[in-house]
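The next block holds one structure in the form of structure tokens; read it before the comments.
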Amino acid sequence: KFSNNVLDATKAFSLTLTNKEEVDGLPPSLLSLAAQGARDAGAENATPESGPWRITLDYPSFAPFMQHSKRRELREQLYKAFISRASSGELNNYPLIQRILELRQQKTQILGFNSYAELSLASKMAPGVEAVEKLLEELRSVSYDAAVTDLEELKKFAASKNALEANDLKHWDTSFWAERLREEKFAFTAEELRPYFPLPQVLDGLFALVKRIFGINITAADGEAPVWHQDVRYFQVSDEKNTPIAYFYLDAYSRPAEKRGGAWMNECIARAKLMENGQTTLRLPVAYLQCNQTPPVDGKPSLMTFREVETLFHEFGHGLQHMLTTVDYAGAAGINNVEWDAVELPSQFMENWCYDRATLFGMAKHYQTGETLPEHYYQKLLAARNYMSGSGMLRQLHFALVDIELHHRYQPGAEETVMDVRNRIAKTTTVLAPLPEDSFLCAFAHIFAGGYAAGYYSYKWAEVLSADAFAAFEEAGLEDEVAIATCGKRFRDTVLALGGSLHPMEVFKTFRGREPNTEPLLRHSGLIATV
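For the sequence shown, our numbering gives the first residue as 29, with consecutive numbering after it.
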């Protein structure tokens with residue numbers, strides 16, 4: 029019910045723009061998407077050039093609008109609609125939040141724990157609430173100061189452009205000015221890179237990478253299994269001897285009417301040894317990979333932003349752990365039974381490869397001319413990777429700390445409301461205080477409808493693990509093919525193969541030879557100097 033309310037509230041709002049002035053600054057990809065949206069809503073003659081354009085709260089529409097629209101009052105309108113989703117009327121999630129937290133507390137008492145957070149951590153890699161809060165605080169103390177500096181830099185930049193709002197930047201201004209400053213600093217837009225990342229080519233690059241580091245082959249197997257939409261692809265994964273070991277579906281495009289936003293990986297079939305008529309057979313794993321990219325429009329292939337490329341690599345990392353498992357019991361195979369704070373390790377590990385020179389240049393080629401991505405773009409991508417990294421980290425820490433507080437110290441029915449808790453935590457985890465009408469908790473599906481209750485910290489915990497795992501490849505030497513393959517085999521035989529059959533700390537120590545270290549994450553994030 030919670031997530032249905034979020035989905036319905038997201039769908040219920042749209043902004044239809046009819047004149048050119050209202051779409052000032054919007055990139056062509058968003059104009060195409062918005063015209064398509066208008067056509068789907070009944071404006072048969074809508075075109076990217078002359079509208080009408082329909083902007084929605086679906087992320088592929090909302091995010092670029094906030095980054096590029098020059099119409100400040102429209103950004104404000106859209107932002108306020110976004111943060112108040114599912115917070116009033118029939119779709120109000122507040123009563124559900126109260127009930128969910130009450131029921132979780134009851135469950136906690138029945139099972140003999142002091143708080144839902146303690147219950148949650150009993151089945152995690154992290155030893156306890158104290159260890160989690162210590163890690164988050166270490167990261168918060170570094171990132172808060174960096175985020176303050178980020179905001180000051182945005183204000184100075186807006187002032188240099190004579191923006192009236194420069195001294196009083198609001199929530200609906202930060203994405204816009206951050207994007208303008210990024211364009212000026214790194215002199216490229218996210219949009220400019222799209223032509224270099226057509227989906228078929230990115231898939232080729234991804235498949236070449238996993239062959240290089242893990243020794244597996246991926247081939248198209250369309251038509252060998254039923255699909256739920258004509259755009260869905262089906263692939264086979266085979267080992268070094270070309271023996272099939274797994275399969276996966278790829279559903280890459282945004283379909284707001286029937287598919288939630290974001291990207292995720294799901295299990296279709298888990299690997300297992302089965303007994304049939306006295307014979308043991310091996311059931312191969314099958315994964316679902318879901319993304320929400322811009323579909324092919326106006327005769328062009330799906331052209332991806334670099335962020336979408338990272339997202340695809342991320343979800344594929346989850347897929348690899350599911351597909352390359354060697355555990356024969358479904359309950360512990362692949363991603364099953366993996367502690368929640370370790371489950372993002374392979375996915376975030378895979379994202380690092382998007383910045384690896386050989387991997388990137390292998391796939392980044394212009395879809396019309398075949399030209400390889402120019403070197404200056406690569407250098408800018410490396411620099412842009414840590415652009416406003418303090419702000420980005422602080423935002424995630426805000427979510428993680430609110431989550432822990434609601435599940436560890438908050439008492440349902442006490443004087444302090446859930447919103448009070450959020451606003452209290454915001455004092456040390458945001459540099460712009462939330463608006464009074466900000467009901468972000470009502471759309472915080474991760475902790476109220478997903479599996480991240482008292483577990484949102486897992487993203488950061490896993491980033492520490494994944495940065496440290498990638499550092500093993502850096503130490504081996506990214507240019508050394510033999511060393512990379514050796515390190516890759518060790519990663520495949522531990523992190524990817526053992527699934528939920530061993531405690532993740534043991535698995536990590538087998539791969540790395542020691543416990544995880546936070547230094548690589550802070551170094552990769554540009555928050556401490558490179559050693």
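Just so it is clear, CB atoms sit at the ideal spot from N, CA and C, and this is done for glycine as well.
Which residues DSSP lists as bridging residue i, in chain order
i: Phe41; result: Note: Phe41 sits in no beta bridge, so no partner.
i: Leu373; result: None; Leu373 has no bridge partner.
i: Pro226; result: Leu331
i: Ile246; result: Val265
i: Glu304; result: Gln307
i: Leu317; result: Leu278, Met293
i: Thr353; result: For Thr353, which the question treats as bridged, DSSP gives no partner whatsoever.
i: Thr339; result: The partner list for Thr339 (beta bridge, DSSP) is empty, contrary to what the question assumes.
i: Thr400; result: Lys393
As assigned by DSSP and simplified to three states, the class of residue i
i: Trp256; result: coil
i: Leu425; result: helix
i: Ile128; result: helix
i: Pro272; result: strand
i: Tyr485; result: coil
i: Ile297; result: strand
i: Thr75; result: strand
i: Ile83; result: strand
i: Thr514; result: helix
i: Lys393; result: strand
i: Thr522; result: helix
i: Thr136; result: helix
i: Thr538; result: helix
i: Glu503; result: helix
i: Thr46; result: coil
i: Ala358; result: helix
i: Arg437; result: coil
i: Val157; result: helix
i: Ala114; result: coil
i: Arg99; result: coil
Contacting residues, own chain, Cβ-Cβ under 8 Å from residue i (five flanking each side not counted)
i: Ala285; result: Lys39, Asp68
i: Arg288; result: Ser31, Leu35
i: Glu211; result: Thr217
i: Glu130; result: Pro440, Gly441
Classification of residue i by the beta-carbon crowding that lies within 10 angstroms, buried from 16 upward
i: Val255; result: exposed
i: Gly398; result: exposed
i: Lys488; result: buried
i: Ala556; result: Reading the sequence as shown, one finds Ile at residue 556 and not Ala. When all chains shown are included, Ile556 counts as exposed.
i: Arg335; result: exposed
i: Asp201; result: buried
i: Ser188; result: exposed
i: Asn33; result: buried
i: Met332; result: buried
i: Gln396; result: exposed
i: Cys296; result: exposed
i: Gln321; result: buried
i: Val430; result: buried
i: Leu59; result: buried
i: Met153; result: buried
i: Asn121; result: buried
i: Ser78; result: exposed
i: Ala298; result: buried
Between the CA atoms of residue j and residue i - distance to the nearest angstrom
i: Arg240; j: Leu348; result: 14 Å
i: Asp326; j: Phe377; result: 35 Å
i: Asp36; j: Pro88; result: 17 Å
i: Phe110; j: Ser116; result: 13 Å
i: His350; j: Leu312; result: 10 Å
i: Glu367; j: Gly483; result: 10 Å
i: Asp178; j: Glu101; result: 23 Å
i: Phe472; j: Ala481; result: 10 Å
i: Ile512; j: Phe519; result: 10 Å
i: Asp279; j: Gln134; result: 39 Å
i: Thr353; j: Gly527; result: 6 Å
i: Glu180; j: Ile125; result: 35 Å
i: Arg99; j: Ser417; result: 27 Å
i: Tyr497; j: Met303; result: Tyr is not the amino acid found at residue 497; the sequence shown has Ala there. When rounded, the distance between both Cα atoms is 37 Å.
i: Phe242; j: Ala358; result: 22 Å
Same chain, Cβ closer than 6 Å to residue i, neighbours up to 5 away in sequence not counted
i: Trp292; result: Gln318
i: Glu220; result: none
i: Glu379; result: Glu338, Phe341, His342
i: Val170; result: Leu555
i: Leu550; result: Ile556
i: Ala495; result: Pro548, Leu549, His552
Proximity test, residue i beta-carbon vs the ligand MN heavy atom, cut-off 8 Å
i: Arg103; result: The model on display carries no ligand, and the ligand MN is accordingly not part of it.
Cβ shell of residue i (< 7 Å), same chain only, five flanking positions each side left out
i: Phe536; result: Leu493, Pro544
i: Ile128; result: Phe476
9 Å Cβ cutoff, residue i in contact with chain C
i: Thr354; result: Protein chain content of the structure displayed is limited to a single chain, and chain C is not contained in it.
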